[in-house]
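Just below is one structure, and these are the notes that go with it.
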Amino acid sequence: MSNIVNKITALSAVVFIGAVSVLTVFLPKQSQSQDEGRELAKFPKISMSALADGSFTESLSTWCADHFAGRSGWTSAGAALNSRICENVSNGIYITGERLLDTDAAKRGSSSAAADSVNDFAENYSGAVYMAAVPTATGVYGNLLPEHLRSDTEKAQISRFCDHISTGVRRIDTYTLLKTLSDQNIYYNTDSRWTCYGAYCVYRTVIQKLGFIPISYGRYSISHVTDEYLGDLYRRAMCKRCRSDILDVYTISDGAEVTECTGMDNQGIVTEKQLFDREAAKGQEKYQLYLGEPLPLIRISTTVSNERKLLVIGDSFADCFIPFLTQHYSEIVYFRPKYAARQLTSFLDPDDYEQTLLLMGIDTLSEGSIPTIEKR
Amino acid sequence: MVYSSLLFIYGFLPVSLAVYYGIAEKYKRTSLVVLSVIFCGAMGLRVLALALVYLAVNYFAGRIMGHFRKKPPAAAAFVTASAFDLAALFMMRSQILSGLKLRLGFGRETVFLGFSLMTLSALGYLIDVWCSRTRAEKNLVSFGLYLLMFPRLIMGPIVRYETFRKIMRSRKADTETLGIGITIFVKGLAKKVIAGDSLYCLYQAVAQVDPSKLPVVSAWLGALAYIMCLYFTLSGLSDMGTGLCYCFGFRFPQGFNYPLFTGSLQYFAARWHTQVVHWFRKFVTRPLSSLTSHKWLRSITFIFSWTLLGCWYRFDICGAMWGLLMGAAIVIEKRFRDERLMKATGIIYTTILTTLFAVFLLAESPGNALQWLFAMIGGNRIFADSHTIYLVREFAVMIIAAAYASTDLFRKMMLRPSGGRFTGAVKALTPAIVMALLVICTAMIAYTGVSEHMIMRI
Chain A
1 MSNIVNKITA LSAVVFIGAV SVLTVFLPKQ SQSQDEGREL AKFPKISMSA LADGSFTESL
61 STWCADHFAG RSGWTSAGAA LNSRICENVS NGIYITGERL LDTDAAKRGS SSAAADSVND
121 FAENYSGAVY MAAVPTATGV YGNLLPEHLR SDTEKAQISR FCDHISTGVR RIDTYTLLKT
181 LSDQNIYYNT DSRWTCYGAY CVYRTVIQKL GFIPISYGRY SISHVTDEYL GDLYRRAMCK
241 RCRSDILDVY TISDGAEVTE CTGMDNQGIV TEKQLFDREA AKGQEKYQLY LGEPLPLIRI
301 STTVSNERKL LVIGDSFADC FIPFLTQHYS EIVYFRPKYA ARQLTSFLDP DDYEQTLLLM
361 GIDTLSEGSI PTIEKR
Chain B
1 MVYSSLLFIY GFLPVSLAVY YGIAEKYKRT SLVVLSVIFC GAMGLRVLAL ALVYLAVNYF
61 AGRIMGHFRK KPPAAAAFVT ASAFDLAALF MMRSQILSGL KLRLGFGRET VFLGFSLMTL
121 SALGYLIDVW CSRTRAEKNL VSFGLYLLMF PRLIMGPIVR YETFRKIMRS RKADTETLGI
181 GITIFVKGLA KKVIAGDSLY CLYQAVAQVD PSKLPVVSAW LGALAYIMCL YFTLSGLSDM
241 GTGLCYCFGF RFPQGFNYPL FTGSLQYFAA RWHTQVVHWF RKFVTRPLSS LTSHKWLRSI
301 TFIFSWTLLG CWYRFDICGA MWGLLMGAAI VIEKRFRDER LMKATGIIYT TILTTLFAVF
361 LLAESPGNAL QWLFAMIGGN RIFADSHTIY LVREFAVMII AAAYASTDLF RKMMLRPSGG
421 RFTGAVKALT PAIVMALLVI CTAMIAYTGV SEHMIMRI
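Here it is as structure tokens:
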């Protein structure tokens with residue numbers, strides 16, 4: 001009997017391994033993963049140095065994992081298995097109740113290089129610079145993490161960053177504010193970023209620092225655009241038992257209106273944009289509801305007649321924050337270093353704007369310098 | 001490339017099997033050498049170059065020793081090749097040349113492990129040829145297979161050359177052997193991916209805590225998780241190697257024989273990494289013991305051999321301490337063993353001692369080990385805290401399941417004469433169990449494509 005059993009084992013394993021291998025090699029390759037919202041690895045280039053130190057095999061292994069047949073199903077099943085077999089951590093994401101938290105936050109690098117870039121920008125700029133370093137969901141809800149996963153808090157990371165920026169830059173403390181509001185719906189459950197309401201709470205403080213009176217909450221009409229939003233943490237954790245989030249839009253019927261909203265890509269081509277791209281919310285990249293497909297520069301003109309101009313340098317935290325500013329400025333320019341292939345000064349002259357607001361998550365600030373805002 | 005990666009399981013392995021089973025019988029061994037060279041080259045061409053130099057030095061030293069038979073050229077070849085092997089091992093394992101190693105691309109643990117085992121194989125071969133216990137191998141393909149065969153390259157199995165020669169002669173690759181090989185390989189993969197990696201998470205969760213604030217329960221939990229993780233990782237790799245050897249028709253013995261939770265330290269020693277322990281017994285303990293008839297000197301020799309074994313696992317003072325303590329404890333146990341007491345308390349006493357000694361393998365330094373031991377005996381005056389409760393809650397099922405899997409209870413049940421029906425049902429379900437484990441392991445490594453947590457501090 002064992003003879004037959006061994007033969008069946010051999011045949012079934014060979015057929016299974018062979019089929020998966022063939023499918024992995026011959027199935028059409030995607031460059032982008034819709035489920036994980038990231039670029040997939042390209043087939044590694046063969047070079048002597050890569051072959052000599054073995055890095056070619058490592059890259060090939062990554063390529064193999066990224067383009068593995070049925071990757072999405074495998075990773076979802078793997079996440080479910082991992083979180084059931086040991087603790088509730090899946091691919092570096094801790095699953096607590098319905099909220100997901102990034103456990104890699106403690107392993108982030110230093111933000112001093114980003115602080116140097118901010119200092120460099122401020123030194124060569126004639127207007128006032130305001131800096132708001134924003135905590136991610138892990139920073140605000142870090143107390144939900146088990147002890148061994150919270151070694152370096154985002155509070156400390158933000159504090160170190162603020163210590164490093166020069167005195168000429170006016171700091172805005174978002175951490176304390178968001179922490180005190182942590183029992184409210186200020187962060188998505190499946191994303192590291194704040195909700196529209198979280199952005200509004202910070203806007204009230206920021207706009208006062210910029211010299212305006214904030215619009216009261218009651219004047220906004222809030223509409224739920226989609227309740228199927230699954231954020232960046234979900235895409236990493238692949239945890240099917242999490243509930244999707246709601247994406248909101250805050251509008252004012254009797255307020256200032258946007259007269260023009262355009263975007264510019266790295267080639268200088270200008271396209272029409274919208275503050276809220278409701279079509280995007282129906283697709284895979286639902287977060288593009290705010291300002292649409294990401295471009296390095298967005299220019300917004302409004303009916304506000306105070307001739308005040310604001311330059312905003314930010315990351316995805318700023319995407320849903322920008323619409324709140326449109327009630328106070330005639331012109332807002334939003335620069336996104338992540339998508340810019342050339343210097344900010346090649347798009348515009350920052351000195352044309354009397355105020356600059358830098359609004360970035362501490363995760364972005366820990367990724368290194370921001371060369372596109374430095375003077376070259 | 002490690003065995004527990006998608007690239008190996010769904011890339012290199014099927015291609016290797018297709019080549020090996022598709023080629024004519026007379027070219028099979030050569031094809032396996034070529035595949036092994038490609039596998040070694042995948043770790044880096046520099047690693048391959050060193051492996052080929054290793055092969056050449058030991059092959060030609062063996063030839064010279066075989067030709068001159070204990071004459072001066074044979075002695076010179078023996079000394080030179082042994083010195084080369086030991087120097088290469090020292091370079092691989094010592095921290096002194098760590099910068100150079102990283103520059104040369106020897107920074108990965110699997111490379112260290114592979115070369116450490118290769119050195120034991122090569123040294124054993126040289127000693128056996130010198131002592132005329134085996135003939136010097138003239139066939140470069142056979143010798144190449146002995147040192148470089150890719151299923152043995154990371155964690156063995158290691159055997160003496162004479163045994164290897166017999167296994168090679170009786171090599172038989174067919175569907176049945178392939179089935180046995182795949183079963184053993186998947187068992188090893190499951191040990192590494194399901195048990196080893198989960199226990200690694202538990203050990204890491206405890207290791208993050210400041211040792212001066214470590215509660216008693218956490219410290220014991222961390223040390224127990226470490227020794228179990230070490231067992232599942234090493235035996236998993238060893239089983240994967242043995243299984244792959246079966247797939248290519250080489251029937252090697254398995255490397256671990258359920259050493260944890262045994263009734264005495266002597267049983268632990270006899271079942272832990274049997275081939276490596278056997279190597280040290282054969283080439284270190286016995287030759288040194290034969291020099292003296294004094295019982296206490298033989299005991300010291302035994303302890304010295306275990307200290308060397310400890311250094312083989314971890315090339316520093318902590319590794320030596322682990323070996324020293326294990327060796328000394330086994331000697332004491334042999335001397336004062338009380339059969340009735342051992343029957344009643346053997347498992348508890350063995351588990352306590354192996355867990356305590358494991359602290360020397362897991363700690364960053366001897367000071368850190370003492371801090372950890374201090375926490376284990378309640379020196380921090382904290383029995384358990386909320387973190388301990390969290391760890392017990394999250395990992396309790398895993399620890400109990402892993403503890404059961406690390407004993408031979410299931411095997412005994414399968415071998416029980418009265419268990420005919422049950423045994424038959426389990427055997428009949430083997431293909432389904434193997435496939436289920438393969439699917440589970442694939443899912444668990446799918447995100448990164450590899451499971452490469454190595455618990456050993458190389």
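Residue numbers (the numbering used here), protein chains in the order written: chain A, 1 to 376; chain B, 1 to 458.
Where a beta carbon is used, it is the ideal one built from N, C-alpha and C, also for glycine.
DSSP three-state assignment for residue i, whether helix, strand or coil
i: L230/A; result: coil
i: G361/A; result: strand
i: L260/B; result: coil
i: H273/B; result: coil
i: D46/B; result: One point to set straight first is that residue 46/B is Arg, not Asp, in the sequence displayed. Here R46/B sits in helix by DSSP.
i: Y197/A; result: helix
i: K309/A; result: strand
i: G78/A; result: helix
i: D120/A; result: helix
i: G236/B; result: helix
i: R160/A; result: helix
i: F335/A; result: strand
i: Y329/A; result: coil
i: F276/A; result: strand
i: T292/B; result: coil
Among the options, nearest to residue i - alpha-carbon criterion
i: S47/A; options: I300/A, T303/A, S59/A; result: S59/A
i: V333/A; options: D315/A, F324/A, S301/A; result: S301/A
i: S110/A; options: A80/A, C162/A, N91/A; result: C162/A
i: Y339/A; options: G361/A, L358/A, G314/A, F324/A; result: G314/A
i: G268/A; options: S346/A, I213/A, I222/A, I158/A; result: S346/A
i: S82/B; options: L52/B, T233/B, G124/B, F115/B; result: G124/B
i: G196/B; options: A402/B, G420/B, G449/B; result: A402/B
i: R93/B; options: L391/B, L356/B, I389/B, Y313/B; result: Y313/B
i: F256/B; options: F250/B, C247/B, D239/B, Q266/B; result: D239/B
i: M168/B; options: L32/B, G424/B, F357/B; result: L32/B
i: V19/B; options: K26/B, L35/B, Y10/B, L7/B; result: L35/B
i: I127/B; options: A74/B, C318/B, L308/B; result: A74/B
i: L324/B; options: I38/B, R171/B, C311/B, T307/B; result: T307/B
i: R69/B; options: S5/B, F357/B, V141/B, A136/B; result: A136/B
i: G236/B; options: V276/B, F395/B, G156/B, F410/B; result: G156/B
i: R381/B; options: F315/B, R286/B, S218/B, S16/B; result: S218/B
Proximity below 8 Å, CB of residue i to CB of residue j
i: P135/A; j: E147/A; result: no
i: V186/B; j: L438/B; result: yes
i: I347/B; j: A328/B; result: no
i: M65/B; j: M1/B; result: no
i: V37/B; j: L48/B; result: yes
i: L391/B; j: A205/B; result: yes
i: F280/B; j: L260/B; result: no
i: Y130/A; j: I158/A; result: no
i: Q297/B; j: L353/B; result: Contrary to the premise, residue 297/B reads as Leu rather than Gln in this sequence. Not closer than 8 Å, so no.
i: D248/A; j: C196/A; result: yes
Sequence-distant residues of the same chain with beta carbon closer than 6 Å to residue i, five excluded per side
i: M264/A; result: V270, L297
i: D385/B; result: P215
i: Y203/B; result: G222, A225, Y226, C229
Close beta carbons around residue i, own chain, < 7 Å, minus the five adjacent residues each side
i: W74/A; result: F68
i: D232/A; result: G37, D191, S192
Residue burial classification, residue i (beta-carbon count within 10 angstroms, cutoff 16)
i: D245/A; result: buried
i: Q184/A; result: exposed
i: A341/A; result: exposed
i: S221/A; result: exposed
i: M414/B; result: exposed
i: C131/B; result: exposed
i: A106/A; result: buried
i: I362/A; result: buried
i: S83/A; result: buried
8 Å Cβ shell around residue i - same chain, five flanking residues per side excluded
i: A88/B; result: L50, Y54, F115, T119
heavy atom of the ligand FMN below 7 Å from residue i C-beta
i: F161/A; result: Absent from the structure shown: the ligand FMN. Ligands present: none.
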